[in-house]
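Data block below; observations after.
2 protein chains.
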Amino acid sequence: MTNPNRTVPDAATATPSLIALDWGTTSLRAYLFDTRGALLETRSRAAGVMHVPAGGAHAFDAVFEGACGDWLDRAGPVPVLAAGMVGSAQGWREAPYVAVPAGADALAAGLVTVTTSRGATVSIVPGVIATGDLPDVMRGEETQIFGALAGDPLLDADRSGMLIGLPGTHAKWAWVKDGLIERFQTYMTGELFAALRDHTILGRTMRTPVSPDRAAFVRGVSVARGAQRTGLLATIFSTRTLGLTDRLAADAQGDYLSGLLIGHELNALAAMLGERGASLANQPLLLIGDDGLCARYVDALQVFGCTHARVVAHATERGLWRIASRAGLVRAEDGTPVHADQ
Amino acid sequence: MTNPNRTVPDAATATPSLIALDWGTTSLRAYLFDTRGALLETRSRAAGVMHVPAGGAHAFDAVFEGACGDWLDRAGPVPVLAAGMVGSAQGWREAPYVAVPAGADALAAGLVTVTTSRGATVSIVPGVIATGDLPDVMRGEETQIFGALAGDPLLDADRSGMLIGLPGTHAKWAWVKDGLIERFQTYMTGELFAALRDHTILGRTMRTPVSPDRAAFVRGVSVARGAQRTGLLATIFSTRTLGLTDRLAADAQGDYLSGLLIGHELNALAAMLGERGASLANQPLLLIGDDGLCARYVDALQVFGCTHARVVAHATERGLWRIASRAGLVRAEDGTPVHADQ
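Those protein sequence lines, which keep their order, are chains A and B. Numbers 44 to 385, taken from this note's numbering, label the letters of the first sequence in order. Numbers 44 to 385, taken from this note's numbering, label the letters of the second sequence in order.
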């Protein structure tokens, strides 16, 4: 495969071939690739979809020009690929969801395009929807998942089925097999933690620790693991009662509560695996996301007997390159499309 | 028994015998009883423990004088009994918790007293604590529970074991037998609902309905009942995804989410009962609390096959009278203590 970031050529002399955007709710990250899929330059702006001023397409166009206009000046008419909430109804142009089971080819086939004021064509990756009684959706994570799957050592696991976790504000867990996202579930773990800490009685006795309290976090995970039937609504109150009874220090309460919530998330994941005759202990499993948060999940998974979780780096840019390749947006200098997973 | 509110004598001529206070986090309610336990007058002030200005005992004394001073002027040195967060570490005087199993006698024995500036003695009811790996606490609810148990028709059920639910910001479910609170659990259902509605993405697509949407509420309860293993963190996200897919109107999303949370609370309760070989379908069950909220719980319990939940009125004032009687604070005009449950 062609691995972004593995080689960084001289940005001044290499030939740009793709501008890729990870344009989410809170931020915009832009990547400039050369013709072999190596990264020439990256940029980040606090210009997420929720921060783009009202005004529809013109406002997105202006943010894009501000972030990438000089790249286009320099590179000429290179293709642009964008993933994330930029394709939602609140984004630049809506890219209708692709239904599970969904592979990279379906995403490439579902691209929608918008033409910028300078005439550049921006292709937007569709999100993925799991229909059914309780539908679920993702936008952006599908691109990261296909980026994580782009590594050779994973292909065997992919053939027998693999779990991919994407911790965060809205954590996603996806079940992937044969290069297809078969099913997935969103857990509002990160956002619930923030709401509990900042807007309920639980936050009133918390003190921010000097550094994260790993033991308190693991304690919370263990308590949740043993309290699956008691449930989240009751166990979270123990953050307060353990404090009231001098058994949990104020500066340990935040990490304990974080452990409780992530533990309940893993309870649900373990139950889902159990229904399929699998278990966390022997399930191939990748994590994608912020390093610190992924490290917490590695600790939490160990409480559930899973010692082989592996954190995948650069999944976003790998995925963007891979989808651009599948869609024929990027070609090698000899004119052959470069497939990131070949 | 002597039933507060059953008869309301002429307040100007009857003899006051007890001032009782339900002094919680957000409000103070005061009750003036005659010598037979009938209510002469009630008052309510937005002067909960969290609103009492800093300054410790003097501040509580001043609020109490403002609320009840004229009663004391008129009645002379009648006893005063207070329950609720007024007995917490942030209250007027801390009344240490009584451990489960706890009966009305233990509460009476655990009263602590404070003397006001005018020389009145205020007795404060202790809260109840369930010790163990995950401790739990209540302050105020114990008084309501013993008020609910004061009715004759309930005594048979009490002898075989009864569930008492107290919906609210922090919902409590207590298991009571032979007049003792044997165990209980706090569910942060109400506070979590408010935090999710007001401080997460779920609230952004909600519109307040003209009147509560009972069908959406029951739908949420049913979804939660069928998603015990999926868990709360994942099912709450369906509030958004059902909206995104045009299957849940904006003005139904709040009641749906409320149903999801209460449904998960009842999942946990049903699991707890299951461990004891009991079930919600045939378990004697009382509800204490706000009428509208209790009505929602009656609907939710029906989804779980429980059709016999009964809402108990006036539990707070009944409980205050009963504990005052047990403690010997009130006596009939002939000098015999009046026991509310005799």
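All C-beta atoms in this analysis are idealised placements derived from N, C-alpha and C, irrespective of residue type, glycine included.
The distance from the Cβ of glycine 208 of chain A to that of leucine 330 of chain A is about 5 Å, consistent with a contact at the 8 Å cut-off. Per DSSP, glutamate 225 of chain B is one residue of the beta strand (DSSP E) stretching across 223 to 230. Proximity of chain A to glutamine 228 of chain B at the Cβ level (cut-off 7 Å) is accounted for by Ala277, in chain order. Judged by their CB atoms, glycine 67 of chain B and glycine 183 of chain B are nearer to each other than the 7 Å cut-off. Around the CB of alanine 97 of chain A, fewer than 16 other CB atoms lie within 10 Å, so the residue is classed as exposed. If you compare the alpha carbons of A:Asp201, A:Ala324, A:Arg257, A:Arg369 with that of cysteine 349 of chain A, the shortest gap goes to A:Ala324.
Straight through space, the alpha carbons of tryptophan 218 of chain B and phenylalanine 227 of chain B are spaced by roughly 6 Å. Using a CB distance below 9 Å, the part of the region 265 to 299 of chain A facing chain B consists of Val266, Gly269, Ala270, Gln271, Arg272, Thr273, Gly274, Leu275, Leu276, Ala277, Thr278, Ile279, Phe280, Ser281, Arg283, Thr284, Leu285, Leu287, Thr288, Arg290, ordered along the chain. If you look at arginine 86 of chain B, you'll find it in the beta strand (DSSP E) that goes 82 to 88. By DSSP's assignment, valine 143 of chain A forms no beta bridge with any residue.
The beta-carbon of valine 261 of chain A is placed no less than 7 Å from the nearest beta-carbon of chain B. When DSSP states are grouped into helix, strand and coil, threonine 284 of chain B belongs to the helix group.
DSSP places valine 106 of chain B in the uninterrupted alpha helix (DSSP H) bounded by 100 to 118. Taken atom to atom, the span from the alpha-carbon of aspartate 221 of chain B to that of alanine 138 of chain B is near 24 Å. DSSP places leucine 336 of chain A within a helical segment (H, G or I) once states are collapsed to three. Between the C-alpha atoms of threonine 174 of chain B and isoleucine 224 of chain B there is a straight-line separation of about 13 Å. Following the DSSP letters along the chain, one finds aspartate 179 of chain B inside the beta strand (DSSP E) bounded by residues 179 to 181. Going by C-alpha positions, valine 346 of chain A is about 26 Å away from leucine 312 of chain B. Threonine 278 of chain B and isoleucine 244 of chain A have their C-alpha atoms roughly 23 Å apart. Unbroken beta strand (DSSP E) runs of no fewer than 3 residues, entirely contained in the region 236 to 266 of chain A, are not found. When B:Arg272, B:His242, B:Glu308, B:Val266 are compared, the shortest CA-CA separation from methionine 231 of chain B is found for B:Glu308.
Within the DSSP bridge table, the entry for valine 121 of chain B names no partner.
Around the beta carbon of glutamate 318 of chain B, a 10 Å sphere encloses fewer than 16 other beta carbons of the protein chains shown; the residue is thus reported as exposed.
Around valine 180 of chain A, the beta-carbon contacts reaching into chain B at under 7 Å are Thr284, Leu287.
For threonine 186 of chain B, the enclosing alpha helix (DSSP H) starts and ends at 184 to 191. Chain-ordered, the chain A residues with CB closer than 8 Å to the CB of histidine 307 of chain B read Gly274, Leu275, Leu276. DSSP places leucine 291 of chain B in the coil class of the three-state scheme, outside both helix and strand. When the Cα atoms are used, leucine 363 of chain B and aspartate 113 of chain B turn out to be separated by approximately 21 Å. Judged by DSSP in its simplified three-state form, glycine 320 of chain B adopts coil rather than helix or strand.
In the three-state reduction of the DSSP assignment, threonine 359 of chain B falls in the helix class, which pools H, G and I. Closer than 9 Å at the C-beta level to chain B, one finds no residue of the region 345 to 375 of chain A.
For threonine 156 of chain B, there is no enclosing alpha helix (DSSP H); the enclosing beta strand (DSSP E) covers residues 155 to 158. Going by DSSP, threonine 174 of chain B is part of no beta strand (DSSP E) at all; its letter is neither H nor E. Shown here, leucine 312 of chain B sits in a helix according to DSSP, grouped into three states.
The three-state secondary structure of valine 219 of chain B, taken from DSSP, is strand. For histidine 242 of chain A, a Cβ of chain B is located within less than 7 Å of the residue's own Cβ.
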